[in-house]
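Novice: A single structure is presented below for examination.
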Amino acid sequence: MNKLAIFVEGQTEAQFIYKLLLEIFGEANISIQYEQKEIGKKFNIIRAHNDISETGYYVLIKDCMGDGSVKSTLLEDWERLKDSGYKKILGLRDVYSFKISEAPKLKESFNKDLPDSIPTKILLAIHETEAWFIAENSHFGRIDSRLTKEMIESELSINVNPSNVENIEHPAKVLNEIYGLVGKKYDKKRYTLPITIENLDYGELYLRLTKDISSLKELISELDQFIRPQLN
Amino acid sequence: MLTLKKLKYSEFANDPREWSVEEFDLFHINLLVGKNATGKTRTLNVINSLADLLSGRIRSVFLEGTYSAHFTDGQKSYYFELIIKERRIEREVLSIDGNKLLERGEGGKGEIFAAQLKEKIKFQTPENELASVSRRDTIQHPYFEMLNTWGQGTLHYSFGTSLGKDQFMVTRSDPEKTPQFDLKDTGKVVPFFNLGLKAKGEKFKDAIKEKMNSIGYEIEDIEIIKLKGKNISGDLEGIGVKEKGLNTMVTQMELSQGMFRVLSLIIQLEYCRQKTEPSLILIDDIGEGLDFERAVSLVKLLVDEEANPKFQLIMATNDRFVMNNIPLEYWSLIQRNGSHCKIFNHKNSAEKFEEFKFTGLSNFDFLASDFVNKVVQN
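Heads up: the sequence lines are chains L and A, in that order. Oh and the first sequence: position 39 is 61 in the numbering used here, straight run, nothing missing. Oh and the second sequence: position 205 is 1630 in the numbering used here, straight run, nothing missing.
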């Protein structure tokens, strides 16, 4: 069994990764368990896909409920996961609230002193995961047909082309402004988040957008490397 | 309105009861963190005791304590010093921008600046009373008013306590006669709610409902209701809440402790605003008894909407969720060495605080990890 654990900072990232994994691995080939941190150190199972015994790949997504908690929780759980046969452990957090210019320093310092007897890495979304949602700009039309790239650019002067999204300072805020043009909102809440998550084209994100978005490319490369030995 | 900028305190020097906290800076928003028994609660109590003294709420001074406090009104700097020994004031000083306006020593004797006379005059007050309270005079000594207002507007909530869940209100035969309550008595949430409702009606209620909803408690209505039950004798009234999805009012006794604490705090802050603009809110054990989302939402509400920029906020916590959601810039990390406490923050330990941010670890780890020792050694 190939087991991978991914620690993320919130439900936005957890739900996004969940759908992305289904796209990359194929629904029949992967089992996923999404857990969320609760009071104390307890994790609750929020959602699961396939039984672990049914597939060749198992991914555990741990929602650490806070950007600062990703590395701390990963380190707390690392030994246990290694002993349970995990082949790889990843962390994913936003660069925000740091400055974009601090991303290289963050990448280095976040990964400093991580245990390395199994591949372990903390990845960054620049400047937030929502930048990737903006880059997948075809989803705006599925949310509301009035939301075209041209309309967004003329109303908000925001360039939603994939090559630009890593320059946006606060993508979650920009995403909310874009949805606001048609009276909708993006606020990371449990009830509104699925509107975005369900409308993204994960094939587009996986196959095409990595070309222009370095932080997404790094995440997908790590997932590809995990899957590749089996594919070959 | 004054803001407390620095404080230093000690008591019972060279005695087994000795305790002190070195001078530390305070900011607009502060989160006091430290391991158990390092002095968080005690530090809040010290600040509150100074406020009680300056407001005149405590007229006779207590056994012992040495305070030195720096305030600002945004333009001028105020320095207040008070030494109490064996229930007598040994020294009391007030200076503004370096000009000494009050200085008194033993025997209650001292000099005070009289604004209209434009000169310092001699005085003598009882040894156990603050001159800055007993000599209040808006014509000759108007500068005491700022200190008094600060003291009056300082409110202290212990979030880990019942916050009035077990206190009710006796139904009055004459509802027109409204008794007065001390805003600092944080157990009087039922009469505070009642008075707020009388003064502002639905507007007051709506403000409370909106804030409760923003924290994740879906409340449709809130009222004063008559309490019934086998353990209740006489005509007692309490707070009743109608939660979404329930057909009936739930009394304050039936609400969860965590939910009631939030409700009580919100009611009291809302009511307090009607009476006076608070200057400083002290909240001990913030987040105690709440789940992750509510603890975080409450703290966000306090930091982002309530305090900013209206009043200074000093909170103390042991709660991991609260710590992880309050930026390190607001942290005051307290360390105790024997009976002496020292507080570290981004101002006096800037390099270590900045270095920690780049580790990617949670704020809680700042307290739990070796970083604390590094900060202390630094």
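For each residue, glycine too, the CB sits at the ideal point set by N, CA and C.
(1) Tell me whether the region 1690–1710 of chain A and the region 1670–1682 of chain A touch, counting them as touching only if at least three CB pairs, one residue from each stretch, are closer than 8 Å.
(2) Whether or not the region 48–59 of chain L and the region 233–245 of chain L are in contact is what I'm after, with contact meaning three or more pairs of Cβ atoms, one per stretch, closer than 8 Å; do they touch?
(3) Please give me, in chain order, every unbroken run of the beta strand (DSSP E) with length at least 3 that falls completely inside the region 1742–1799 of chain A.
(4) Alpha helix (DSSP H) containing S131 (chain L): first to last residue?
(5) Hey, could you find the ends of the alpha helix (DSSP H) I140 (chain L) is sitting in?
(6) Nearest to I1650 (chain A) by alpha carbon, out of A:E1643, A:I1644, A:N1619?
(7) Does I1647 (chain A) pass the burial test, meaning 16 or more other C-beta atoms within 10 Å, or should it be called exposed?
(8) Give me the chain L residues within the contact set of K1787 (chain A), using Cβ-Cβ distance strictly less than 7 Å, ordered along the chain.
(9) Give me the residue from A:K1590, A:K1767, A:L1507 with the minimum Cα distance to G1665 (chain A).
(10) Between F1411 (chain A) and L1792 (chain A), what straight-line distance do the alpha-carbon atoms span, to the nearest angstrom?
(11) Taking the beta strand (DSSP E) that T1579 (chain A) falls in, what are its first and last residues?
(12) Closer than 9 Å by beta-carbon distance: list the chain A residues that pair up with S123 (chain L), in chain order.
(13) Please name the residue, chosen from A:L1519, A:L1527, A:E1489, A:H1495, that lies closest to E1511 (chain A) on a Cα-to-Cα basis.
(14) Express the C-alpha separation of I140 (chain L) and N24 (chain L) in angstroms, rounding to a whole number.
(15) Going by CA-CA distance only, name the one from L:L96, L:S106, L:Y228, L:L114 that's closest to L136 (chain L).
(16) Taking 8 Å as the threshold, find out whether the region 1727–1742 of chain A comes into contact with the region 1456–1466 of chain A through three or more Cβ pairs.
(17) Within 10 angstroms of the Cβ of E1436 (chain A), are there 16 or more other Cβ atoms? Answer buried if so, exposed if not.
(18) Three or more C-beta pairs under 8 Å: does that hold for the region 201–212 of chain L against the region 180–192 of chain L?
(19) May I have the straight-line CA-CA distance separating V1486 (chain A) from D1477 (chain A), to the nearest angstrom?
(20) Using 9 Å as the threshold, is the C-beta distance between V30 (chain L) and L114 (chain L) below it?
(21) If I'm right that I190 (chain L) touches A153 (chain L) with Cβ under 8 Å, what's the distance once you round it to whole angstroms?
(22) Distance cutoff 9 Å, beta carbons only. Does F29 (chain L) sit that close to anything in chain A?
(23) My output table needs one value for S167 (chain L): the three-state DSSP class, helix, strand or coil.
(24) Between F120 (chain L) and chain A, is there a C-beta pair that is closer than 9 Å?
(25) Is the Cβ-Cβ distance between L1479 (chain A) and W1575 (chain A) less than 9 Å?
(26) Contact criterion: CB-CB distance below 9 Å. Does F1717 (chain A) meet it with respect to chain L?
(27) How long is the line joining the alpha carbons of K1772 (chain A) and H1453 (chain A), rounded to whole angstroms?
(28) So is N1461 (chain A) in contact with chain L if we call contact Cβ pairs under 9 Å?
(29) Could you check which residue in A:R1719, A:L1727, A:L1715, A:V1721 has the C-alpha nearest to that of E1695 (chain A)?
(30) Using DSSP with H/G/I as helix, E/B as strand and the rest coil, what is L1527 (chain A)?
(31) Answer with buried or exposed for A1462 (chain A), where buried requires no fewer than 16 other C-beta atoms within 10 angstroms of its C-beta.
(32) Can the beta-carbon of W1756 (chain A) be found less than 9 Å from the beta-carbon of N1733 (chain A)?
(33) Note down, in chain order, all residues in the region 123–148 of chain L with a beta-carbon under 7 Å from any beta-carbon belonging to chain A.
(34) What residues match up with T34 (chain L) in a beta bridge as DSSP calls it?
(35) Find the nearest neighbour of I68 (chain L) within the set L:S75, L:Y79, L:I54, judged by alpha-carbon distance.
(36) Any C-beta of chain L within less than 7 Å: which residues of the region 1734–1757 of chain A qualify?
Specialist: With the structure as the only source:
(1) The region 1690–1710 of chain A is not in contact with the region 1670–1682 of chain A.
(2) By the C-beta criterion, the region 233–245 of chain L is judged not to be in contact with the region 48–59 of chain L, since fewer than 3 inter-stretch pairs fall below 8 Å.
(3) Within the region 1742–1799 of chain A, the complete beta strand (DSSP E) runs of at least 3 residues are 1756–1762, 1765–1769.
(4) Where S131 (chain L) is concerned, the enclosing alpha helix (DSSP H) stretches over 125–133.
(5) Counting along the chain, I140 (chain L) falls outside any alpha helix (DSSP H), and DSSP gives it neither H nor E.
(6) Measuring from the Cα of I1650 (chain A), the nearest candidate turns out to be A:N1619.
(7) The residue is buried, with at least 16 neighbouring Cβ atoms inside 10 Å.
(8) It should be noted that the sequence gives Ser, not Lys, for residue 1787 (chain A). Those within 7 Å of S1787 (chain A) in chain L are G88, G90, S91, S94.
(9) If we check each option's Cα against that of G1665 (chain A), A:K1590 comes out closest.
(10) In the structure as shown, chain A begins at 1426 and stops at 1803. Residue 1411 (chain A) is therefore absent and cannot be evaluated.
(11) Looking at the DSSP string, the run of the beta strand (DSSP E) that includes T1579 (chain A) is 1579–1583.
(12) The premise fails here: S123 (chain L) is roughly 13 Å from chain A at the closest Cβ pair, so nothing lies under 9 Å.
(13) Measuring C-alpha to C-alpha distances from E1511 (chain A) to each of A:L1519, A:L1527, A:E1489, A:H1495 identifies A:E1489 as the nearest.
(14) Approximately 13 Å, taken between the alpha carbons.
(15) Looking at the Cα atoms, L:L96 is the closest of the given residues.
(16) Result yes; three or more Cβ-Cβ pairs closer than 8 Å.
(17) Counting Cβ neighbours within 10 Å, E1436 (chain A) comes out buried, since at least 16 surround it.
(18) Inter-segment contact for the region 201–212 of chain L and the region 180–192 of chain L is absent: fewer than three beta-carbon pairs are separated by less than 8 Å.
(19) V1486 (chain A) and D1477 (chain A): Cα-Cα distance of roughly 10 Å.
(20) Yes, they are a contact pair.
(21) A Cβ-Cβ separation of about 6 Å places I190 (chain L) in contact with A153 (chain L) under the 8 Å criterion.
(22) Not closer than 9 Å to any Cβ of chain A, the Cβ of F29 (chain L) fails to qualify, so no.
(23) DSSP places S167 (chain L) in coil when its eight states are reduced to three.
(24) Against chain A, the CB of F120 (chain L) has a partner CB under 9 Å away; the residue lies at that interface.
(25) It is a contact, given that the beta carbons lie within the stated cut-off.
(26) With its beta carbon less than 9 Å from one in chain L, F1717 (chain A) belongs to the interface.
(27) One C-alpha to the other measures close to 13 Å.
(28) Closer than 9 Å: no.
(29) Residue A:L1727 is the option with its Cα nearest to E1695 (chain A).
(30) When secondary structure is reduced to three states using DSSP, L1527 (chain A) falls in the strand class.
(31) Classification for A1462 (chain A): exposed.
(32) Contact flag unset, no.
(33) Answer in chain order: K127, L128, S131, F132, I144.
(34) Beta-bridge pairing by DSSP links T34 (chain L) to no other residue.
(35) Here the closest residue by C-alpha is L:I54.
(36) Of all residues in the region 1734–1757 of chain A, N1749, N1750 have a Cβ within less than 7 Å of some Cβ in chain L.
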